[in-house]
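Enquirer: The opening position of the sequence shown corresponds to residue 1 in UniProt numbering, with each subsequent residue numbered one higher.
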Amino acid sequence: MTEAHFYSRGTSTPRKSTDQRGAFMRMTQEDNRAASVAPPPENGASPVLVLTEAFTAEDAINRAGIGKFQVKLTVLCGFVWMAKGFDNVVGMFINSLTTCEWSLLRWHSALMVTITTIFTIFGCIIYGMWSDKYGRRTALSSSLIFVFVFSAVSVGLPSYTWFLVFRSITAFSVGGFAQALTLCCEYVPGRQRGRVVYILSCFWAVGVTIMLGLLYAMTRPAYYHWRLFAAVSTTPSLVAMIMMRFFPESIHYLLVSKEYVSAKIVVEDMARVNKKSLPQGQLFPVRDTNRRGRCCHLLSTNHARSSMIFWYIGLTAAIAYYSLDIMSPYFLQDVADEIDAINYTAANFMGDVFQPVECLHNVTTNQYVKILWTNALDFPGFVIYMIIVDVIPRKILLCASSLLSSLFIFLLFIPTSNITMLTAFLFCARTLLLGQMDMLLLMNAEAYPTTERGIAVGMQNATFYMGFFLTPYISHGFLRFEMRYLAGFCGVLTFLSAIAAPLLTWETRGMELMDTSQDQ
1 MTEAHFYSRG TSTPRKSTDQ RGAFMRMTQE DNRAASVAPP PENGASPVLV
51 LTEAFTAEDA INRAGIGKFQ VKLTVLCGFV WMAKGFDNVV GMFINSLTTC
101 EWSLLRWHSA LMVTITTIFT IFGCIIYGMW SDKYGRRTAL SSSLIFVFVF
151 SAVSVGLPSY TWFLVFRSIT AFSVGGFAQA LTLCCEYVPG RQRGRVVYIL
201 SCFWAVGVTI MLGLLYAMTR PAYYHWRLFA AVSTTPSLVA MIMMRFFPES
251 IHYLLVSKEY VSAKIVVEDM ARVNKKSLPQ GQLFPVRDTN RRGRCCHLLS
301 TNHARSSMIF WYIGLTAAIA YYSLDIMSPY FLQDVADEID AINYTAANFM
351 GDVFQPVECL HNVTTNQYVK ILWTNALDFP GFVIYMIIVD VIPRKILLCA
401 SSLLSSLFIF LLFIPTSNIT MLTAFLFCAR TLLLGQMDML LLMNAEAYPT
451 TERGIAVGMQ NATFYMGFFL TPYISHGFLR FEMRYLAGFC GVLTFLSAIA
501 APLLTWETRG MELMDTSQDQ
């Protein structure tokens with residue numbers, strides 16, 4: 001018989017804690033009676049809950065395996081990721097589309113990008129806190145509602161000023177989309193968790209591809225209407241918002257919130273849908289935790305080293321990826337020289353900010369094909385990561401991907417006029433870096449306990465947007481040098497990431513999710 005001591009807050013008597021693998025320490029007793037409540041201790045503490053048999057949330061999830069329940073949840077979270085892809089494309093082209101009606105200047109465009117990026121950074125962090133305090137489902141639902149409502153309303157706004165306000169609120173709410181990954185990871189067995197995360201990435205890739213197709217279709221001279229293009233971008237958010245009501249809260253969150261009855265109902269429903277039986281007994285109680293979702297917890301003794309390494313690798317991966325995106329026109333010889341290549345992307349931030357933004361009123365077939373394939377070449381990395389992510393240890397894979405990215409970047413220094421070879425090096429580096437960002441989110445979800453998992457994923461996602469925010473200014477600093485110096489800078493950053501990856505505290509592949517820091 002297993003005895004689980006669960007006392008009220010303020011008592012000094014400890015509860016049996018879990019180990020790193022999530023299995024609790026069982027104590028064999030003489031009798032085999034059913035679960036009961038022992039008489040109150042003499043010191044007046046809360047009654048002791050005695051469980052004949054008990055199992056953790058991870059025990060239940062592993063027993064249920066991958067079934068219809070997880071498939072439905074993955075589709076739900078996939079629509080959230082697709083909505084993120086839709087929003088990314090809208091953010092890239094919305095200034096060039098709206099300037100046809102509002103005659104925007106470069107500083108208008110720069111202001112739009114700057115404010116929306118900053119709001120998204122804060123949204124990632126704040127929604128991460130809310131996810132730990134109020135639940136994954138609550139945070140994700142509110143994020144979807146705000147994105148849909150403010151995106152839909154912004155379609156009919158008459159002026160740039162109001163459009164900027166509503167796009168900023170939408171950008172803030174998009175920061176909560178990362179919690180879809182948190183929710184999904186908390187229902188998937190450890191051995192399949194990595195593949196499921198990259199399935200979500202495939203939904204994102206599909207969303208980007210669909211929106212690029214709509215961009216081409218809706219910018220034809222006979223059908224041009226940027227408002228319709230923006231309206232269609234709200235569709236995945238609406239679908240995910242409707243689907244959210246049919247899915248429960250995370251089991252792990254319910255346990256740390258002391259909602260044992262609700263957690264038991266969810267576990268039983270998951271087992272029923274997957275047609276699997278649960279372990280014998282009751283859900284194992286979790287240590288009392290009242291402080292959740294605090295950024296300072298990520299810098300505690302247990303997590304400080306991993307947090308700093310995760311943030312560094314995430315920031316450098318984003319800077320390297322977006323810098324390579326800026327360098328792409330130069331290496332593909334779409335522009336005349338290095339200055340034009342940097343200005344091709346960063347012109348709205350530098351130079352004469354009172355120049356008008358070029359109106360994108362007609363995307364030609366050649367332009368569309370070039371935009372499509374330069375984005376689509378980044379997507380094969382998701383398939384590669386999906387195959388190997390649950391086979392190779394996480395730290396080794398992260399180190400190897402950073403090292404290979406650095407190698408491909410340095411290969412751009414080869415003096416050659418072979419565009420095909422340079423293109424291959426460029427996109428190999430980009431696809432590795434793009435897949436690496438999703439792996440960092442996955443590792444954060446696995447390395448941190450339930451009480452800090454939401455804020456950990458949110459902070460990691462914020463580093464990606466911070467990298468995007470800094471890249472135009474970094475690239476402009478290399479205007480006085482050759483373009484290859486920017487490539488060398490990115491190569492050094494990714495090489496240092498390869499050195500830092502093995503220093504992470506935890507190897508998380510196959511590891512069962514922890515509920516509290518004491519479980520480590």
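A virtual CB, placed ideally from N, CA and C, is assigned to each residue, including glycine. Since this is a predicted model, take the numbers as computed values, not measurements.
Secondary structure at ALA336, three-state DSSP: helix, strand or coil?
Expert: Locating residue 336 in the sequence shown gives position 336, where the first residue counts as 1. Legend: pLDDT at ALA336 = 47, less than 50; position of this residue unreliable, value from coordinates given subsequently. In the three-state scheme derived from DSSP, where H, G and I count as helix and E and B as strand, ALA336 is classed as coil.
Enquirer: With respect to the alpha helix (DSSP H) encompassing TRP107, which residues constitute its N-terminal and C-terminal limits?
Expert: What you label residue 107 is simply residue 107 of the sequence shown in a count that begins at 1. Counted as a single uninterrupted DSSP element, the alpha helix (DSSP H) harbouring TRP107 occupies residues 106-134.
Enquirer: Whose C-beta lies closer than 6 Å to the C-beta of SER497 among residues of the same chain, with five residues either side of it excluded?
Expert: On the sequence shown, position 497 is the one that residue 497 refers to. Excluding residues within five positions, the ones whose Cβ falls inside 6 Å are ILE313, THR316 and SER402.
Enquirer: Roughly how many angstroms separate the alpha carbons of residue 597 and GLU507, rounded to a whole number?
Expert: This structure cannot speak to residue 597, because the chain is shown only from 1 to 520.
Enquirer: Taking LYS276 and ALA64 to be in contact with their CB atoms under 8 Å, please state how far apart those CB atoms are, rounded to whole angstroms.
Expert: Taking the first residue of the sequence shown as position 1, residue 276 is located at position 276. Taking the first residue of the sequence shown as position 1, residue 64 is located at position 64. With a Cβ gap of about 5 Å, LYS276 and ALA64 count as contacting.
Enquirer: Hey, how far is the Cα of MET112 from the Cα of ASN461?
Expert: Residue numbering aside, residue 112 sits at position 112 when the sequence shown is read from its first letter. Residue numbering aside, residue 461 sits at position 461 when the sequence shown is read from its first letter. The straight-line gap from Cα to Cα measures roughly 20 Å.
Enquirer: Use the C-beta contact count for VAL261: other C-beta atoms within 10 angstroms, 16 or more gives buried, fewer gives exposed.
Expert: Along the sequence shown, one-based indexing puts residue 261 at 261. With fewer than 16 other Cβ atoms from the protein chains shown falling within 10 Å of its own Cβ, VAL261 counts as exposed.
Enquirer: From THR116 to THR98, what does the alpha carbon distance come to, in whole angstroms?
Expert: On the sequence shown, position 116 is the one that residue 116 refers to. On the sequence shown, position 98 is the one that residue 98 refers to. Cα-Cα distance, rounded: 16 Å.
Enquirer: What is the rounded straight-line gap between the Cα of PHE229 and the Cα of VAL363?
Expert: Counting from one through the sequence shown, the residue named residue 229 turns up at place 229. Counting from one through the sequence shown, the residue named residue 363 turns up at place 363. Cα to Cα, PHE229 sits roughly 13 Å from VAL363.
Enquirer: Locate the alpha helix (DSSP H) running through SER262, then write down its first and last residues.
Expert: Position 262 of the sequence shown, counting from 1, holds the residue named residue 262. SER262 -> alpha helix (DSSP H) spans 260-274.
Enquirer: Given that a residue counts as buried once 16 or more other Cβ atoms are within 10 Å of its Cβ, and exposed if not, what is GLU446?
Expert: Translated into positions along the sequence shown, residue 446 becomes position 446. Label assigned to GLU446: buried.
Enquirer: Grab me the residues of GLY435's own chain with a C-beta within less than 8 Å of its C-beta, minus the 5 sequence neighbours each way, in chain order.
Expert: If you number the sequence shown from 1, residue 435 lands on position 435. Taken in chain order, the residues that qualify are TYR198, SER201, GLY381, PHE382, ILE384, TYR385 and SER401.
Enquirer: Could you check the C-alpha separation between ALA60 and LEU278 for me, to the nearest Å?
Expert: By 1-based counting over the sequence shown, the position of residue 60 is 60. By 1-based counting over the sequence shown, the position of residue 278 is 278. Straight-line Cα distance between these residues: approximately 6 Å.
Enquirer: Less than 9 Å separating the beta-carbons of residue 540 and LEU432?
Expert: With the chain running from 1 to 520 in the structure shown, residue 540 is simply not present.
Enquirer: With distances taken Cα to Cα, identify the nearest neighbour of VAL457 among MET129, VAL239, VAL188 and PHE284.
Expert: Locating residue 457 in the sequence shown gives position 457, counting from the first residue. Comparing Cα positions, the closest option is MET129.
Enquirer: Helix, strand or coil: which one does DSSP assign to LEU504?
Expert: The residue labelled residue 504 in the question sits at position 504 within the sequence shown. Here LEU504 sits in coil by DSSP.
Enquirer: I'd like the ranges of any alpha helix (DSSP H) spanning at least 4 consecutive residues and lying wholly in the region 432-479.
Expert: Fully contained in the region 432-479 are the following alpha helix (DSSP H) runs of length 4 or more, in chain order: 450-477.
Enquirer: Looking only at C-alpha atoms, which of ARG106, TRP107 and THR120 sits nearest to LYS84?
Expert: For the purposes of this step, residue 84 is taken as residue 84 along the sequence shown, with counting starting at 1. The residue with the shortest Cα to Cα distance from LYS84 is THR120.
Enquirer: So, using beta-carbon positions, are ALA318 and PHE464 closer together than 9 Å?
Expert: Looking up residue 318 in the sequence shown gives position 318. Looking up residue 464 in the sequence shown gives position 464. Yes; because the gap between Cβ atoms is below 9 Å, this pair is in contact.
Enquirer: Apply the 10 Å Cβ neighbour rule to ASP337 and answer buried if 16 or more other Cβ atoms are within range, or exposed otherwise.
Expert: As a working note, residue 337 is residue 337 in the sequence shown. Low confidence applies here, because ASP337 scores a pLDDT of 47, under 50, leaving its location unreliable and the question unanswered by this model.
Enquirer: Three-state secondary structure (DSSP) at PRO329?
Expert: Looking up residue 329 in the sequence shown gives position 329. Reduced to three states, the DSSP call for PRO329 is helix.
Enquirer: In angstroms with no decimal places, state the Cα-to-Cα distance between ILE145 and HIS361.
Expert: For the purposes of this step, residue 145 is taken as the residue at position 145 of the sequence shown. For the purposes of this step, residue 361 is taken as the residue at position 361 of the sequence shown. One Cα belongs to ILE145, the other to HIS361, and the distance between them is close to 31 Å.
Enquirer: Give the straight-line distance between the Cα atoms of SER142 and PHE93, rounded to the nearest whole angstrom.
Expert: Against the sequence shown, residue 142 aligns to sequence position 142. Against the sequence shown, residue 93 aligns to sequence position 93. Rounded to the nearest angstrom, the two C-alpha atoms are 26 Å apart.
Enquirer: Could you please give the first and the last residue of the uninterrupted alpha helix (DSSP H) stretch that includes PHE382?
Expert: For the purposes of this step, residue 382 is taken as residue 382 along the sequence shown, with counting starting at 1. Element bounds for PHE382: 380-388.
Enquirer: Given this structure, state the Cα-to-Cα distance separating MET218 from HIS303, to the nearest angstrom.
Expert: In the sequence shown, residue 218 corresponds to position 218, counting from 1. In the sequence shown, residue 303 corresponds to position 303, counting from 1. Cα-Cα distance, rounded: 48 Å.
Enquirer: Tell me, to the nearest whole angstrom, how far the beta carbon of TYR253 is from that of THR56; I am working on the premise that it is less than 8 Å.
Expert: As a first step, residue 253 is located in the sequence shown; it is residue number 253 there, counting from the start. As a first step, residue 56 is located in the sequence shown; it is residue number 56 there, counting from the start. TYR253 to THR56, Cβ: 14 Å. No contact.
Enquirer: Leaving out five residues before and five after SER103 in sequence, what residues of the same chain have Cβ atoms less than 7 Å from its Cβ?
Expert: What you label residue 103 is simply residue 103 of the sequence shown in a count that begins at 1. The answer, listed in chain order, is PRO356.
Enquirer: Please report how far the alpha carbon of PHE495 lies from the alpha carbon of SER406, in whole angstroms.
Expert: Position 495 of the sequence shown, counting from 1, holds the residue named residue 495. Position 406 of the sequence shown, counting from 1, holds the residue named residue 406. If you take the alpha carbons of PHE495 and SER406, they lie about 5 Å apart.
Enquirer: Which two residues bound the contiguous alpha helix (DSSP H) that contains VAL155?
Expert: Locating residue 155 in the sequence shown gives position 155, where the first residue counts as 1. No alpha helix (DSSP H) contains VAL155, which DSSP labels as neither H nor E.
Enquirer: Considering only their Cβ atoms, is the gap separating ASP378 from PHE427 smaller than 9 Å?
Expert: Taking the sequence shown and counting its residues from 1, the one referred to as residue 427 is at position 427. Taking the sequence shown and counting its residues from 1, the one referred to as residue 378 is at position 378. Result yes, Cβ atoms of PHE427 and ASP378 sit closer than 9 Å.
Enquirer: DSSP puts LEU283 in a beta bridge; with which residues?
Expert: Here residue 283 refers to the residue found at position 283 of the sequence shown. Bridge partners of LEU283: PHE55.
Enquirer: Note down the Cα distance separating ASP409 from ILE265, rounded to an integer number of angstroms.
Expert: For the purposes of this step, residue 409 is taken as the residue at position 409 of the sequence shown. For the purposes of this step, residue 265 is taken as the residue at position 265 of the sequence shown. Sequence inspection shows Ile at residue 409; the Asp mentioned does not correspond to that position. Spanning the two alpha carbons is a distance of roughly 51 Å.
Enquirer: Going by beta carbon distance, what residues of the same chain come within less than 7 Å of LEU332, once the five residues before and after it are set aside?
Expert: By 1-based counting over the sequence shown, the position of residue 332 is 332. Excluding positions up to five away in sequence, the list reads ILE419 and THR423.
Enquirer: Return the chain-ordered list of same chain residues with a C-beta closer than 6 Å to the C-beta of LEU80, the five sequence neighbours on each side being excluded.
Expert: Start at 1 with the first residue of the sequence shown, and residue 80 comes out as number 80. The question names Leu, but residue 80 in the sequence shown is Val. Cβ within range, chain order: PHE177, ALA180 and ALA240.
Enquirer: Rounded to whole angstroms, what's the CA-CA distance from CYS359 to SER96? Just pull it up for me.
Expert: One-based indexing of the sequence shown puts residue 359 at position 359. One-based indexing of the sequence shown puts residue 96 at position 96. Between CYS359 and SER96, the C-alpha separation is close to 5 Å.
Enquirer: From what residue to what residue does the alpha helix (DSSP H) around PRO236 run?
Expert: Here the question's residue 236 lines up with position 236 in the sequence shown. Start and end: 235-244.
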